[in-house]
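Step one of this worksheet: look at the structure below.
There are 2 protein chains.
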Amino acid sequence: MRDEFRADLGEVTRMLVSMAEGVRTAMRDATTALLAPDEALAELVIARDAEINATYRLVEDRVYSLLAQQAPVASDLRLVLTALHMAGDLERMGDLADHVARTARRRLPGCAVPEVLTDVFRQMGDIADRVASKIARALSAADAVAAARLEQDDDAMDELHRTLFKIMFSSDWTEGTEAAVDTALLGRFYERYADHAVNVGRHVVFLVTGEALG
Amino acid sequence: MRDEFRADLGEVTRMLVSMAEGVRTAMRDATTALLAPDEALAELVIARDAEINATYRLVEDRVYSLLAQQAPVASDLRLVLTALHMAGDLERMGDLADHVARTARRRLPGCAVPEVLTDVFRQMGDIADRVASKIARALSAADAVAAARLEQDDDAMDELHRTLFKIMFSSDWTEGTEAAVDTALLGRFYERYADHAVNVGRHVVFLVTGEALG
Chain A
124 MRDEFRADLG EVTRMLVSMA EGVRTAMRDA TTALLAPDEA LAELVIARDA
174 EINATYRLVE DRVYSLLAQQ APVASDLRLV LTALHMAGDL ERMGDLADHV
224 ARTARRRLPG CAVPEVLTDV FRQMGDIADR VASKIARALS AADAVAAARL
274 EQDDDAMDEL HRTLFKIMFS SDWTEGTEAA VDTALLGRFY ERYADHAVNV
324 GRHVVFLVTG EALG
Chain B
124 MRDEFRADLG EVTRMLVSMA EGVRTAMRDA TTALLAPDEA LAELVIARDA
174 EINATYRLVE DRVYSLLAQQ APVASDLRLV LTALHMAGDL ERMGDLADHV
224 ARTARRRLPG CAVPEVLTDV FRQMGDIADR VASKIARALS AADAVAAARL
274 EQDDDAMDEL HRTLFKIMFS SDWTEGTEAA VDTALLGRFY ERYADHAVNV
324 GRHVVFLVTG EALG
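Sequence order for the protein chains is A and B.
Positions 124 to 337 (this note's numbering) are the ones given, in order, by the first sequence.
Positions 124 to 337 (this note's numbering) are the ones given, in order, by the second sequence.
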């Protein structure tokens, strides 16, 4: 039974790695589509979100079978429920990449991001890419240290988010209302993406060490 | 064992009803605090979010014990995992009420909502109140019909959300960038609140009928 449990949990973990890689690609492509702007790439991100959601349902089904067939208790049960939580956060990260792509698409053939903010969004995209990459690596290599370092990236993302608002609310802002609204919503999508990544990171630490982060 | 399972699931359901009532009060008070504006009430909403989060953790613990002690299978297992999902959606609804209250607080002593939008936000608050009330009733009375009707409220919320953007993007908009940004974010908080309510509603239907909504 114990070996079977390990094998099943390994399978669930591989699905989580695949989700993490999927949401990484999704946000990277969404950022490129946003800043280029690139219609075909935006459409691709939107279409691929269905795949991420499908993997999420597979994880749910797998967790359900695992619980039903093996009835794990104690720390094994916690591990399974933790995996379910992580899948939920990853699914949400996919949604947020989809939202970025949809925002990009809505302003075509124009660009949703005014030039004065291109650099801030490029940096937000870089951080999003980094956190998703760390999650994928932490999950596949069971690397709790890499996962714990996500908090620093999250702080950097929050700082960029504040910078966005500073630029928008300065008296120099001449980009108008639509651009401000897009910027506010886009900023929130990136910031939430990093928040969910931090949640996943906390869970990786628990998965690896059996101890919750303080 | 079966009686014990029913009793435990009943206890979890009562916790969910309590969460639904909590997030209903939270969003109602947040809307009042936003439109008045009322600093003390905004602070109260923010402080009370910790209680909703604490109830969420209690539900998680209870579900964990239930799984560990009773190892339910088949439809019983689905019911337990469904309850866990619902608790997650309700927790998020509490966060969104908290976000509305924080937005209200950030613009004090001014009002985050320009007068031209007061009526739209009052209507969004009314719908939020209605969906939360339906969830609480559906959960406590196992009323699948009430839960299924949430979709209509959600459509009405989406329509109001579109109205917000129409007003902001019209050439008459003279409220400036900050008000537009607040409005965009607030609109999203209400819209997401209703989305999560619909999720909870779907789950109530499953809890009651054992069948997923199409």
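In this text, a Cβ means the ideal position worked out from N, Cα and C, and glycines have one as well.
Small disclaimer: the values here were computed from a predicted structure and weren't measured.
Cβ neighbour criterion (16 or more within 10 Å) applied to residue i
i       : result
V243(B) : buried
F292(A) : exposed
T154(B) : buried
T226(B) : buried
D281(B) : exposed
G310(A) : buried
E314(A) : buried
G337(B) : In this predicted model, G337(B) has a pLDDT of only 45, less than 50, meaning its place in the structure is not dependable enough to derive any value.
A235(B) : buried
S141(B) : buried
Residue i (DSSP reduced to helix, strand or coil)
i       : result
E298(A) : coil
G337(A) : Low confidence applies to G337(A): its pLDDT is 45, below 50, so where it sits in the model is not reliable, and the reading given next is rough at best. G337(A) falls in the coil class under three-state DSSP.
G248(A) : helix
L219(B) : helix
F128(A) : helix
R171(A) : helix
L231(A) : coil
F292(A) : coil
D276(A) : helix
A194(A) : coil
D161(B) : coil
V236(B) : coil
A307(A) : helix
D281(A) : helix
R266(A) : Checking the sequence shown, residue 266(A) turns out to be Asp, not Arg. Of the three classes helix, strand and coil, the one that applies to D266(A) here is coil, per DSSP.
Pair within 9 Å by beta-carbon distance, residue i and residue j
i       : j       : result
E183(A) : L204(B) : yes
V254(A) : L157(A) : no
A251(A) : A317(A) : yes
F312(A) : L213(A) : no
G211(A) : I175(A) : no
P232(A) : E162(A) : yes
R151(A) : G248(A) : yes
D305(A) : R230(A) : yes
Proximal residues to residue i (C-beta, below 8 Å), its chain only, five neighbours per side dropped
i       : result
A296(B) : The residue asked about is misnamed: residue 296(B) is Trp in this sequence, not Ala. Same-chain partners within the cutoff: I290, A303.
L189(B) : F128, D131, L132, V135, P195, V203
D221(B) : A149, A153, V168, I169, D172
L207(A) : V182, E183, V186
P160(A) : A227, R230, L231, P232, G233, C234, A235
Sequence-distant residues of its chain with Cβ nearer than 6 Å to residue i (five each side left out)
i       : result
M209(A) : L139, V323, H326
A270(B) : A261, G324, V327, V328
M216(B) : V146, Y316, H319
Q193(A) : F128
A165(B) : A156, A224, A227, R228
Y179(B) : A210, E214
A177(B) : none
Same chain only: Cβ atoms within 7 Å of residue i, ignoring 5 sequence neighbours per side
i       : result
S256(A) : R147
V321(B) : L273, E274, D277
A143(B) : L213, A255, I258, A259, L262
Q246(A) : L283
L330(B) : L202, T205
E301(B) : none
A279(A) : I250
Distance between beta carbons of residue j and residue i, contact taken as under 8 Å
i       : j       : result
L287(A) : L240(A) : 7 Å
A191(B) : L200(A) : 5 Å
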